[in-house]
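Asker: Dropping a structure here in structure tokens format, bear with me for questions.
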Amino acid sequence: MPTEMISFLAQLARSPRAVGAIAPSGVPLAERITATIPRTGEPLVVELGPGTGAFTRVIQRRLGGQGRHLALEINATFADRLAREHPGVDVLQADAGNLASLLTERNLPRAEAIVSGLPWAVFTAQRQREILSAVVAALADDGAFTTFAYQHARWAPPARRLHRTLRELFEEVVVGGTVWANLPPAVVYHCRRPVRQPLVEQPGTSRPARHPSPVRPLNVPQPAQS
Ligand SMILES: C[S@@+](CC[C@H](N)C(=O)[O-])C[C@H]1O[C@@H](n2cnc3c(N)ncnc32)[C@H](O)[C@@H]1O
């Protein structure tokens, strides 16, 4: 069994609710979800929940050494592995809900592309909204946010809620065809034109979330000590 699969299954056994999938995504899904990443210029690309790097490899290939690739992964083992295997990726062991404040703290602009591998189906409604509000705050006006849901769970309440919230927070949400060559098959949501102020504000959820979880930078140049 490849080490990627062993690492994934080990973390799945340790924290099933945070990993939220039975296997890493396959190449066809990775190609579909990263299709919005610019191949020219110096884009800032943010990846949420990279896990063992199924999307990371394709993002790196598309960037071809240009721009900047920032990956936020909450799991320490996955974050260490990713930083080791992808020295060109700025890896933060951090909660995706802190994305907007992390960009501000690092004087980074809004991202041209945000790609999510997060397990939306295991998040509560409030958690989904917190993270999506942080995505909206962190995405450039002409940027693109892409994420996925598993086909078999598409009509279950968490996935329907995700779709509803996406339509509230983005002017354009396009659902791609099913990627059958994935385990399990998945659908990709392509979201553009973020709506900065949610049309219907939920109490306590209108600002980007700040989670008290620690942030651990890997591969990220640190400011010189004086
Ligand atoms: C379903 S796996 C997907 C991994 C990879 N993107 C793929 O498609 O194979 C979900 C990943 O999201 C990470 N994750 C879960 N909650 C997170 C959070 N709040 N912030 C950052 N990463 C999170 C998990 O640790 C796991 O690596």
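Plus 1 on top of the position in the sequence shown (first one is 1) and you've got our numbering.
In this text, a Cβ means the ideal position worked out from N, Cα and C, and glycines have one as well.
Excluding five sequence neighbours on each side, which residues of the same chain lie with their C-beta closer than 6 Å to the C-beta of residue 89?
Answerer: none
Asker: Using a Cβ-Cβ cut-off of 6 Å (strictly less than) and excluding sequence neighbours within five positions of residue 217, which residues of its own chain qualify?
Answerer: 94
Asker: Regarding residue 73 and ligand 1, is the C-beta to nearest heavy atom distance less than 7 Å?
Answerer: yes
Asker: Quick check on residue 129: buried or exposed, where buried means 16 or more other Cβ atoms within 10 Å of its Cβ?
Answerer: The residue is buried, with at least 16 neighbouring Cβ atoms inside 10 Å.
Asker: In or out: residue 214 buried (at least 16 other Cβ within 10 Å) or exposed?
Answerer: exposed
Asker: Are the stretch 36 to 50 and the stretch 112 to 129 touching, with three or more C-beta to C-beta distances below 8 Å?
Answerer: yes
Asker: Kindly indicate which three-state DSSP category residue 26 falls into: helix, strand or coil?
Answerer: It is coil, neither helix nor strand.
Asker: Under a three-way DSSP split, which group does residue 124 fall into?
Answerer: coil
Asker: Roughly how many angstroms lie between the CA atoms of residue 205 and residue 133, to the nearest whole one?
Answerer: Caution is warranted here: a pLDDT of 47 is assigned to residue 205, below 50, making its placement in the model unreliable, and no coordinate value can be reported.
Asker: Taking the CB atoms as reference points, tell me whether residue 182 and residue 3 lie closer together than 8 Å.
Answerer: no
Asker: Taking only three categories from DSSP, how would you classify residue 92?
Answerer: Strand, per DSSP.
Asker: Report the rounded CA-to-CA distance for residue 42 versus residue 219, giving the unit in angstroms.
Answerer: 25 Å
Asker: Could you give the uninterrupted runs of the alpha helix (DSSP H) lying entirely in the stretch 112 to 178, keeping only those of 4 residues or more?
Answerer: 126 to 139 and 158 to 170
Asker: Tell me where the beta strand (DSSP E) around residue 182 begins and ends.
Answerer: Residue 182 -> no beta strand (DSSP E), and no H or E assigned at all.
Asker: Indicate whether the contact test is met: 3 or more Cβ pairs, each with one atom in the stretch 79 to 86 and one in the stretch 162 to 179, closer than 8 Å.
Answerer: no
Asker: Starting from residue 17, follow the alpha helix (DSSP H) in both directions and report where the run begins and ends.
Answerer: Unbroken alpha helix (DSSP H) run through residue 17: 17 to 20.
Asker: The beta strand (DSSP E) spanning residue 219 covers which residue range?
Answerer: 217 to 219
Asker: Which residue wins for smallest C-alpha separation from residue 33, given the options 147, 14, 194 and 52?
Answerer: 147
Asker: Near residue 5, which residues of its chain fall below 7 Å by C-beta distance, leaving aside the five closest residues on each side in sequence?
Answerer: 25 and 53
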